[in-house]
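Colleague: Numbering (UniProt numbering), first residue to last: 1 to 582. Don't be surprised by glycine CBs; every beta carbon is placed ideally from N, CA and C.
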């Protein structure tokens, strides 16, 4: 049918939000054999009461009339909104899009499925209470979040928006609501990219009781890569999300943030969405609902959808390669976001509070201890024999090409102490992290070390095998051990070997369940980590970041506006003064 948009009908923007977005995605799922492995959930139309959870009655009544409008009336109606088009069937399609998201919520919350993805259009995250916007008529995810809270008594909802555009409609819907944590990264370019809102910047943290529960990561340059995306997850989203401890996770799954998209102009490859999805699956007991938003390169869209669904099904994430540190622009955004949210989240209160260690001995220390972790950059066989076998350990082994994965055939014949030396001998390099029994009762500190130290280092190291060694009398509880085991399976294409010494029989079931893909149990809202642990961890991170780029978060002194193509206004000066006061 003809469409009428508030921009010129010949504009390329009118030609990218097309039905083929769904057909190519579904066809790709079928060709990869993924569709037949999924449970097909019947869809329905949303009711008026459900739509009114996030929209005004006046707006709903106005949209209801569109199927009966003449072409001139449709044109006039459309022109009151921004960057959106209407045709006589869009009201029906929009109700089905909401209904699909709600059916997915029902299926996840009742245990019929563990997680899922709704392929819908029109998208929703730009739609506001009384306005269509940016191809969006009704706000699918905002309605679904309200619905989950009302229907199932959900107390805390996390919404992760990885679309390349800011989902201002979701932000406005929950900006004063502390029960919903909204995270968005998006092209911003210092307010130069659509939707060109001041509220899309990093210092829009929420209002009133919702202050701290709105996280905006503005991309001020195009060309962001896999490393930039992972860095934001490791140093911004995951630490806060674990402290928040959601009961349900939504993903505004826009794939215009993938390479080749005409809107995004980013360089992240489709396989990164497998890793992002894997990391989010460890939250909320695995309850995750992904709802399609943008994505306008039909090739990268279909590939990204497949990567996401494969991970939701429990398939191993593909091997990462050539990861390094985030670019300078991404570092600036990360540091600004962390500083803006420092007053609201315990996991950020001690960030960058320790000066960077420099000098001739700053990078060659064999080991560094904090109460929850002991990290060695370059282990030695002697050190492994003498000290590590009584600790819980995570070894990241990069196997030589000529050896392949055959090292697994040798492992069962050695005790744990001998095993560590054997693996070290036959591998090119071993990087390991030890968790000593003392200090592990501080789950918050332990998880911060895992999220902000271990995972960045491990992803950049790119191991071919992950060994988990649990020693006797471990201080790591079942839930935390399950979380660590689950998170690390995103590495090495899932090639994980767990060794549990006698006396730790209770850990066998937990470990086996995690290795089989069962969701890790929630840790509950994490309290404040011990200050001495956070300071020691920050000191260690700053020392190691000279060798491991994914550990970089920038320093306090780097909270400055980009000097490229940006003129600092008085308003921006006020922002900087506010951030420097933290």
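On the DSSP letters alone, give me the boundaries of the alpha helix (DSSP H) that residue 308 sits inside.
Modeller: Counting along the chain, the alpha helix (DSSP H) containing residue 308 begins and ends at 298-312.
Colleague: Does the distance from the C-beta atom of residue 348 to that of residue 442 stay below 8 Å?
Modeller: Contact flag unset, no.
Colleague: Tell me whether the region 507-523 and the region 267-280 touch, counting them as touching only if at least three CB pairs, one residue from each stretch, are closer than 8 Å.
Modeller: The region 507-523, when compared against the region 267-280, does not touch it at the 8 Å Cβ threshold.
Colleague: Run through DSSP, which three-state label would residue 56 get?
Modeller: Residue 56 falls in the coil class under three-state DSSP.
Colleague: Using the Cα positions of residue 208 and residue 168, report the straight-line distance between them to the nearest angstrom.
Modeller: Distance between the alpha carbons of residue 208 and residue 168: 18 Å.
Colleague: Closest by CA to residue 256, which one among 269, 248, 247?
Modeller: Of the candidates 269, 248, 247, the one whose C-alpha sits nearest the C-alpha of residue 256 is 269.
Colleague: Counting beta carbon pairs with one atom in the region 487-497 and one in the region 525-544, are three or more of them shorter than 8 Å?
Modeller: Result no; under three Cβ-Cβ pairs closer than 8 Å.
Colleague: In terms of residue numbering, what span does the alpha helix (DSSP H) encompassing residue 487 cover?
Modeller: 478-488 is the extent of the alpha helix (DSSP H) around residue 487.
Colleague: On the criterion of 16 or more Cβ atoms from any shown chain inside 10 Å, does residue 49 qualify as buried, or is it exposed?
Modeller: It counts as exposed.
Colleague: Compute the beta-carbon to beta-carbon distance between residue 472 and residue 517, rounded to the nearest angstrom, for a pair I have assumed lies under 8 Å.
Modeller: 27 Å between Cβ atoms; not a contact.
Colleague: If you draw a straight line from the alpha carbon of residue 544 to that of residue 146, how long is it in whole angstroms?
Modeller: Rounded to the nearest angstrom, the two C-alpha atoms are 43 Å apart.
Colleague: For residue 186, name the three-state secondary structure that DSSP assigns.
Modeller: Residue state, collapsed to three classes: strand.
Colleague: Measuring CA to CA, which of 306, 84, 41 is closest to residue 114?
Modeller: Of the candidates 306, 84, 41, the one whose C-alpha sits nearest the C-alpha of residue 114 is 41.
Colleague: Decide if the region 316-328 is in contact with the region 224-234; the criterion is three or more beta carbon pairs, one per stretch, under 8 Å apart.
Modeller: Yes, they touch.
Colleague: Could you give the residue range of the beta strand (DSSP E) that holds residue 116?
Modeller: 115-118 is the span of the beta strand (DSSP E), which, as asked, contains residue 116.
Colleague: Just list the alpha helix (DSSP H) runs in the region 189-241, keeping only unbroken ones of 4 residues or longer that don't cross its boundaries, in chain order.
Modeller: Qualifying alpha helix (DSSP H) stretches, in chain order: 226-232.
Colleague: Taking all protein chains shown into account, decide if residue 548 is buried (16 or more other Cβ within 10 angstroms of its Cβ) or exposed.
Modeller: Residue 548 comes out buried.
Colleague: Mind listing, in chain order, the continuous beta strand (DSSP E) runs of no fewer than 3 residues lying wholly within the region 66-152?
Modeller: List check, beta strand (DSSP E) in window: 115-118.
Colleague: Let's test the definition: count the other Cβ atoms within 10 Å of the Cβ of residue 65 and tell me whether it reaches 16, buried, or not, exposed.
Modeller: The residue is exposed, with fewer than 16 neighbouring Cβ atoms inside 10 Å.
Colleague: Which residues mark the beginning and the end of the beta strand (DSSP E) in which residue 41 is found?
Modeller: Taken as a continuous stretch (DSSP letters only), residue 41 belongs to no beta strand (DSSP E), as it is neither H nor E.
Colleague: Under 8 Å: do the region 304-312 and the region 180-194 share three or more Cβ pairs, one atom per stretch?
Modeller: No: the two stretches stay apart, fewer than three of their Cβ pairs being nearer than 8 Å.
Colleague: Have a look at 187, 214, 176 and flag the residue whose alpha-carbon is nearest the alpha-carbon of residue 258.
Modeller: When only C-alpha atoms are compared, the closest one is 187.
Colleague: Just to check my reading of the structure: residue 312 and residue 116 have Cβ atoms closer than 8 Å, yes? What is that Cβ distance to the nearest angstrom?
Modeller: Correct: roughly 7 Å between the Cβ atoms.
Colleague: Would you call the region 334-345 and the region 50-63 in contact, with 3 or more CB pairs under 8 Å?
Modeller: At 8 Å Cβ cutoff, the stretches do not touch.
Colleague: For the alpha helix (DSSP H) that residue 543 lies in, which residues bound it at each end?
Modeller: Taken as a continuous stretch (DSSP letters only), the alpha helix (DSSP H) holding residue 543 covers 531-544.
Colleague: Considering Cα atoms alone, identify which of 140, 483, 454 is closest to residue 252.
Modeller: Per the Cα distances, 140.
Colleague: If you compare alpha carbons, which of 254, 282, 217 is closest to residue 248?
Modeller: The residue with the shortest Cα to Cα distance from residue 248 is 282.
Colleague: If we count the other Cβ atoms within 10 Å of its Cβ and call it buried at 16 or more, is residue 171 buried or exposed?
Modeller: Per the 10 Å Cβ criterion, buried.
Colleague: Among the residues of its own chain, which have a CB less than 8 Å from the CB of residue 176, if the five just before and after it don't count?
Modeller: Only 206, 207, 208, 209, 210 meet the Cβ criterion.
Colleague: Can you name, in chain order, every residue of its own chain whose Cβ lies under 6 Å from the Cβ of residue 189, other than the five neighbours on each side?
Modeller: So the qualifying residues of the chain are 220.
Colleague: Compute the Euclidean distance between the alpha carbons of residue 448 and residue 241, then round it to the nearest angstrom.
Modeller: Cα-Cα distance, rounded: 11 Å.
Colleague: Since residue 317 contacts residue 265 with CB under 8 Å, what's their CB separation in whole angstroms?
Modeller: The Cβ separation is near 25 Å, so there is no contact.
Colleague: From the DSSP output, which residues share a beta bridge with residue 250?
Modeller: Residue 250 is bridged to 159, 289.
Colleague: Counting only beta-carbon atoms, is residue 505 nearer than 8 Å to chain C?
Modeller: Of the protein chains in the structure, only one exists, and it is not chain C.
Colleague: Would you give the residue range spanned by the alpha helix (DSSP H) that residue 337 belongs to?
Modeller: Residue 337 -> alpha helix (DSSP H) spans 328-340.
Colleague: So, are the CB atoms of residue 480 and residue 514 less than 8 Å apart?
Modeller: Going by C-beta atoms, residue 480 is not nearer than 8 Å to residue 514.
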